[in-house]
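Numbering (the working numbering), first residue to last: 25 to 826. Heads up, the beta-carbon is just placed ideally off N, CA and C, and yes, glycines get one too. To start, the structure under review is shown below, and the notes come after it.
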Amino acid sequence: MTAVVPDFLPEGIDSPDDFSQLDAWWRAANYLAVGQIYLLDNPLLLQPLRAEHVKSRLIGHWGSVPGVTLTYAHLNRVIMREQISMLFVLGPGHAAAALNAASWLEGTYSERWPDVGRDTAGLRALFRQFSFPGGVPSHASAHVPGSIHEGGELGYSLAHATGAALDNPELIVACMVGDGEAETGPLATSWQAPRFLDPSSDGAVLPILHLNGYKIANPTVLSRIPSGDLLALMNGYGWEPIEVSGSDPAQVHSAYAAALDFAVDRIREIRQEDAAGRGPRNPRWPMIVLRTPKGWTGPDKVDGVQIEGSWRAHQVPITDVRGRPEHLHMLDEWMRTYRLEELFEPNGAPAAAIADWHPGGQLRMSANPVAHGQRQRDLRLPSVADHCIEVTTPGSEFAESTRTLGTYLRDALALNRDAKNLLYFSPDEQASNRLDAVFDVTERRWCAEILPGDDHLSRSGRVLEVLSEHLCQGWLEGYLLTGRHGVFSTYEAFAHVVDSMVAQHAKWLHTASEIPWRRTIPSLNYLLTSHVWRQDQNGSSHQDPGFIDHVLSKRPEVARVYLPPDANTLLYVMDQCLRSSGLVNVVVAGKQPALQYLDGPAAREHCEQGLGVWRWASTDSGYAPDVVLACAGDVPTQETLAAAEILRDMVPDIRIRVVNVVDLARLFPPDVHSHGISDDEYTDIFGDTLPVVFAFHGYPWLIHRIMYRRPGHENFHVHGFRENGTTTTPFDMCALNGLDRYHLALAALEHIPALAGRMGDFRQYLLELLAQNRAHTRATGEDLPEIAEWTVTPEPEPTRSK
């Protein structure tokens, strides 16, 4: 291949002679990457390689490394020339050896990890630790200075880069997209970024699509379509593509330098035109298509089989180095082709030619404070008390919880208007989820064409809505990873779309928490609404509460799940989540009109405790109850309170304790989760011999999993979603899954031994009530009025004795 330079680039491309330092730096980075994959010792090859110098388990990915180091070197050249702030996001994170090498050459790695110094001992440590027990992982995890993206699971790099650029107007985020990664769904939709980037308030995203032609064992799709078609595709997404292609280093250096100069100049021009009011509403941002061979500069062939430029270069190009002397010799020869005597001093430090060939201080991409959470912008939040709704009598009035929350989120936006540190993300559901009060003070972000009749669209909007949960999550993660704040609201069932994304983010948070030079970033906050129990109009496809199971399977230091029963508790929970850091917070709340139970002070106290006995709904007067009715979630709470009332009417003498749980982690034992209450506190609430009927928002087995070590766990009888879903009425949804008031009351009666002789009559009565409502729904399409319009009847002051 020969280098291809677009004919519209500025004249005066530098001659290859001007790239001698850059080329030396590139060779050094490649050498360091090979050393990380292969070597335990002899880092400067002062002796011919012997088997004991080589790792017994060769783990790493060579194929993408040369393109990554090439790009890093050329970006450094631009940063030094322009003195600009740039962040580097590496999509193919399995090429982490390249980033380790780059940050070591820049000096940042040794600053952050002093045991890996810029000398022979440091080189040995750098090589030995890579993909080695007790060392560092094979991907660009939080241990890598400058990284905000691990890149283990592919597909999220460009979304993270876009999120990092939002509200960072001085920043350019260079994002290297692997051509294998480009085949994933999340990456494919991430090309829509130009429709959401505001030149006046956001940074620029500079995608670099690296076409090295192959994945693990197959060619990549984008590398095999005609160049004109690929450039047209990128054009259609709103980018101005520049293609650089070649295998001769001197020619590629010239072409790549010219392409990047053009791209950075074009970014500056877009910003200047916008500031002057001359630019288009939706400018065409530059991007680069880079075609270089997979495994470039590595072995051409091994054992007569083509390696360079083929899929065989993906991981370790020379295998069984210890066991085959000819392979050991081949590795030695390969590493010496980089002419390391020109690259390192005798003491292992970078040679004079490259020692200072990098940006200074915080302009080093590996030292950019944006990447380490060190440019956080504190969040101002409104008073929760000012937004609480009035509740005079528990369970007597209806309100839409998320609509109440919407006014709080609106005022939070207003308080942070100038700081520009708060964004809301939703897959076209902000209004559907009753959060549209925010549109009193902002609009939806939209940089494409606006037509008459469009609703609340603006280039500067603080709500980003796109019908892709992957993009919402990826943008928010990028925004959080660079120190800002946000909320992702979505239908509960479709949060599963980002199951693997939240798993990866939770892993990052846990790893980063153990790295002293990384500041804890703001929490990832989910609001799941339009939930399983009130998706009666959409049916089974929209009914799945399992996202909370998934999140609670993650590290307890990171995972939190909240199930506020009403609007005021939702306000206090969300306020707590927005004030937190380093967590994944999941809040589940309904949007439909629902009963309200706690006034502001009571809601605050209840949320601070995380769970508690609702004395006003209980009839045990503080004594040992006959049965405990526990609940978590807004609909389960309503059905539990109705069941308690039924029991009170049917059997006035039984003592009932009603327990509500907001913070699900409070149920864990304290040695499992930091929020868990002690066994003594637990038995004070639930007892250790009492029957407990637990009405739960989600799948019943989650509660059993959480509680299995608790005293008396065998007495827990959990009712929840059992995959019985359809399009039906709200109460019928509960009845189909045994979560309705009648099934709960029946379960409570069945577990009170003293009532065994009367259970036949009780069961018949309750099942008849169920049948009546079922018949009514089938005849009218509605629940019975006494169910649909039910409110809590206050319990009279008890007169019974202990």
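> Can you give the beta carbon distance from Tyr55 to Leu367, rounded, assuming they're within the 8 Å contact cut?
Replying inline: Here residue 55 refers to the residue found at position 31 of the sequence shown. Here residue 367 refers to the residue found at position 343 of the sequence shown. Right, their Cβ atoms sit about 7 Å apart.
>> The alpha helix (DSSP H) that contains Trp50, what's its start and end?
In response: Here residue 50 corresponds to residue number 26 of the sequence shown, with the count starting at 1. Where Trp50 is concerned, the enclosing alpha helix (DSSP H) stretches over Ser44 to Tyr62.
>> Quick test of your reading: Thr752 and Thr801, contact by CB under 8 Å. State the CB separation rounded to the nearest angstrom.
In response: In the sequence shown, counting from the first residue as 1, residue 752 sits at position 728. In the sequence shown, counting from the first residue as 1, residue 801 sits at position 777. Taking the Cβ atoms as the reference, Thr752 lies roughly 7 Å from Thr801, within the contact range of under 8 Å.
>> Within 8 Å, do at least three Cβ pairs link the segment 170-184 to the segment 467-477?
In response: The segment 467-477 is not in contact with the segment 170-184.
>> Checking 9 Å against the spacing of the C-beta atoms, do Leu405 and Arg603 come in under that value?
In response: Working through the sequence shown from its first residue, we reach residue 405 at position 381. Working through the sequence shown from its first residue, we reach residue 603 at position 579. Yes, Cβ-Cβ distance for Leu405 and Arg603 is below 9 Å.
> Is the distance from the Cβ of Thr593 to the Cβ of Arg458 below 9 Å?
Replying inline: Residue numbering aside, residue 593 sits at position 569 when the sequence shown is read from its first letter. Residue numbering aside, residue 458 sits at position 434 when the sequence shown is read from its first letter. In this structure, Arg458 does not lie closer than 9 Å to Thr593 by Cβ.
>> Less than 9 Å between the beta carbons of Leu770 and Val394, yes or no?
In response: The sequence position of residue 770 within the sequence shown is 746, counting from 1. The sequence position of residue 394 within the sequence shown is 370, counting from 1. No, they are not a contact pair.
>> Once the 5 residues before and after Arg152 are set aside, which same chain residues still bring their CB inside 6 Å of it?
In response: Along the sequence shown, read from residue 1 onward, the residue named residue 152 stands at position 128. For Arg152, same chain residues with a beta-carbon under 6 Å away, outside a window of 5 residues either side, are Leu64 in chain order.
> Leaving out the 5 sequence neighbours to the left and right, which residues in its chain are closer than 8 Å to Trp263 when beta-carbon positions are compared?
Replying inline: Start at 1 with the first residue of the sequence shown, and residue 263 comes out as number 239. Excluding sequence neighbours, Trp263 sits near Trp215, Pro218, Pro231, Arg308, Trp309, Pro310 and Met311.
>> Please report the straight-line C-alpha distance between Phe538 and Leu726, rounded to a whole angstrom.
In response: Locating residue 538 in the sequence shown gives position 514, counting from the first residue. Locating residue 726 in the sequence shown gives position 702, counting from the first residue. In the sequence as displayed, the identity of residue 538 is Glu instead of Phe. Between Glu538 and Leu726, the C-alpha separation is close to 29 Å.
>> According to DSSP, simplified to helix, strand and coil, what is Tyr732?
In response: Numbered from its first residue, the sequence shown carries residue 732 at position 708. Judged by DSSP in its simplified three-state form, Tyr732 adopts coil rather than helix or strand.
>> For a quick check, are the C-beta atoms of Ala666 and Trp814 less than 9 Å apart?
In response: Numbered from 1 along the sequence shown, position 642 holds the residue referred to as residue 666. Numbered from 1 along the sequence shown, position 790 holds the residue referred to as residue 814. Yes.
>> Is the beta carbon of Val313 closer than 9 Å to that of Tyr621?
In response: Against the sequence shown, residue 621 aligns to sequence position 597. Against the sequence shown, residue 313 aligns to sequence position 289. Taking C-beta atoms as the reference points, Tyr621 and Val313 fail to come closer than 9 Å.
> Expressed to the nearest angstrom, what Euclidean distance is found between the alpha-carbon atoms of Val683 and Trp640?
Replying inline: Numbered from 1 along the sequence shown, position 659 holds the residue referred to as residue 683. Numbered from 1 along the sequence shown, position 616 holds the residue referred to as residue 640. When rounded, the separation of the alpha-carbon atoms in Val683 and Trp640 is 11 Å.
> Can you give the Cα-Cα distance for Gly146 and Gly159, rounded to whole angstroms?
Replying inline: On the sequence shown, position 122 is the one that residue 146 refers to. On the sequence shown, position 135 is the one that residue 159 refers to. If I take the Cα positions, the gap works out to 13 Å.
> When you compare only the Cα positions, how much space is there between Gly426 and Tyr432?
Replying inline: Position 402 of the sequence shown, counted from the start, is the residue given in the question as residue 426. Position 408 of the sequence shown, counted from the start, is the residue given in the question as residue 432. Checking the sequence shown, residue 426 turns out to be Thr, not Gly. Rounded to whole angstroms, Thr426 to Tyr432 spans 10 Å at the Cα level.
>> Quick check on DSSP: helix, strand or coil for Pro370?
In response: Translated into positions along the sequence shown, residue 370 becomes position 346. Correct three-state label for Pro370: coil.
> Over what stretch of residues does the alpha helix (DSSP H) that includes Ala780 continue unbroken?
Replying inline: Counting from one through the sequence shown, the residue named residue 780 turns up at place 756. No alpha helix (DSSP H) holds Ala780; DSSP gives it neither H nor E.
>> DSSP has Thr514 in a bridge; who is on the other side?
In response: If you number the sequence shown from 1, residue 514 lands on position 490. Residue pairing by DSSP puts Thr514 in a beta bridge opposite Leu552.
>> Relative to the C-alpha of Val495, which candidate in Pro210, Ala198, His351 and Phe43 has its C-alpha closest?
In response: In the sequence shown, counting from the first residue as 1, residue 495 sits at position 471. It should be pointed out that residue 495 corresponds to Leu in this sequence rather than to Val. For Leu495, the nearest C-alpha among the options comes from Pro210.
> Straight-line CA distance for Tyr596 to Val585?
Replying inline: As a position in the sequence shown, residue 596 is number 572, starting the count at 1. As a position in the sequence shown, residue 585 is number 561, starting the count at 1. Distance between the alpha carbons of Tyr596 and Val585: 14 Å.
>> Nearest by alpha-carbon distance to Gly319: which of Val89, Pro715 and Asp650 is it?
In response: The residue you call residue 319 lines up with position 295 of the sequence shown. Minimum Cα distance to Gly319 is reached at Val89.
> Which residues mark the beginning and the end of the beta strand (DSSP E) in which Cys199 is found?
Replying inline: By one-based count along the sequence shown, residue 199 stands at place 175. According to the DSSP assignment, Cys199 belongs to the beta strand (DSSP E) that extends over Leu195 to Gly202.
> What residue range is occupied by the uninterrupted alpha helix (DSSP H) comprising Leu257?
Replying inline: Here residue 257 is taken as the residue at index 233 of the sequence shown, counted from 1. Counting along the chain, the alpha helix (DSSP H) containing Leu257 begins and ends at Ser251 to Tyr261.
> Any C-beta of chain C sitting closer than 9 Å to the C-beta of Ala803?
Replying inline: Included in the structure is just one protein chain, with no chain C present.
> In chain order, what residues of the same chain have a beta carbon less than 6 Å from the beta carbon of Tyr448, not counting five sequence neighbours either side?
Replying inline: Mapped onto the sequence shown, residue 448 falls at position 424. Cβ within range, chain order: Val487 and Val511.
> Taking 8 Å as the cut-off, is the CB of Pro157 close to at least one heavy atom of the ligand PLP?
Replying inline: Among the components modelled here there is no ligand, and therefore nothing to report on the ligand PLP.
>> With H, G and I counted as helix, E and B as strand and the rest as coil, what does DSSP make of Val408?
In response: For the purposes of this step, residue 408 is taken as the residue at position 384 of the sequence shown. Residue state, collapsed to three classes: coil.
>> Within 8 Å, do at least three Cβ pairs link the segment 123-141 to the segment 384-399?
In response: They touch, by the three-pair rule.
> Apart from the five residues just before and just after Arg346, which ones in its own chain have a Cβ nearer than 6 Å to its Cβ?
Replying inline: Looking up residue 346 in the sequence shown gives position 322. Same-chain partners within the cutoff: Ala75 and Val78.
> Any idea what DSSP makes of Ser420, helix, strand or coil?
Replying inline: One-based indexing of the sequence shown puts residue 420 at position 396. Per DSSP, reduced to three states, the secondary structure at Ser420 is coil, with no helix or strand assignment.
> Nearest to Leu635 by CA position, among Pro617, Val608 and Leu691, is which residue?
Replying inline: Against the sequence shown, residue 635 aligns to sequence position 611. Restricting attention to Pro617, Val608 and Leu691, the CA atom closest to the CA of Leu635 is found in Leu691.
> Can you round the beta-carbon distance between Ala7 and Val462 to whole angstroms, since I take them to be within the 8 Å contact cut?
Replying inline: As shown, the chain starts at 25 and ends at 826. That puts residue 7 outside it, with no answer to give.
>> I believe Pro569 touches Phe745 by the beta-carbon criterion, under 8 Å. Please report the beta-carbon distance rounded to the nearest angstrom.
In response: For the purposes of this step, residue 569 is taken as the residue at position 545 of the sequence shown. For the purposes of this step, residue 745 is taken as the residue at position 721 of the sequence shown. That pair is a contact at about 5 Å.
>> Using 8 Å for Cβ pairs, my map puts Ala166 next to Ala719. What's the rounded Cβ distance?
In response: Here the question's residue 166 lines up with position 142 in the sequence shown. Here the question's residue 719 lines up with position 695 in the sequence shown. 40 Å between Cβ atoms; not a contact.
> Given a threshold of 16 other Cβ atoms within 10 Å of its Cβ, counted over all protein chains shown, does Ser825 qualify as buried or as exposed?
Replying inline: Numbered from its first residue, the sequence shown carries residue 825 at position 801. Model confidence at Ser825 stands at a pLDDT of 33, short of 50, so the residue's coordinates are unreliable and nothing is read from them.
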